[in-house]
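In this note's numbering, the protein residues as written are 20 to 162.
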């Protein structure tokens with residue numbers, strides 16, 4: 020039963036991480052009066068139609084969110100299957116926090132242009148998903 024609690028904490032942590040990136044985007048757009056569409060600039064900006072060229076931080080925040088959108092849903096599907104199938108319970112205490120840590124590190128490294136940390140953090144998250152997949156297949160095929 021505690022595995023669902025760990026899952027819930029994991030989901031909230033990943034949501035809060037993504038929300039932080041969104042807030043970085045919003046604050047950067049407002050400070051620079053740089054919006055992605057003319058209607059946003061007219062509504063939230065200080066006049067004008069917005070700036071075509073986005074700041075590097077804004078570009079990095081957008082790319083970070085895009086990367087999250089490609090990786091976090093897959094992890095959550097795998098994590099749901101992992102918990103539902105009753106895979107190794109201790110795994111939720113090891114793999115789920117490792118994935119969250121990898122995504123936090125990846126985001127920080129992406130925003131601050133830190134290589135090779137960004138790649139290593141991505142590889143850690145991907146490795147966690149591969150391990151979860153192995154546990155899921157093992158459990159599903161052995162029952």
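Glycine is no exception: its CB is placed at the ideal position from the N, C-alpha and C atoms.
- Taking a contact as a CB-CB distance under 8 Å, the pair residue 140 and residue 121 counts as one, their CB atoms being some 5 Å apart.
- The Cβ neighbour count for residue 33, taken over all protein chains shown within 10 Å, is at least 16; the residue is labelled buried.
- The Cβ-Cβ distance between residue 128 and residue 136 falls below 7 Å.
- In the displayed model, residue 76 falls within a helix according to three-state DSSP.
- With respect to residue 119, residue 26 sits apart: the two C-beta atoms are not nearer than 7 Å.
- For residue 107, same chain residues with a beta-carbon under 7 Å away, outside a window of 5 residues either side, are 154 in chain order.
- If you look at residue 22, you'll find it in the alpha helix (DSSP H) that goes 21 to 51.
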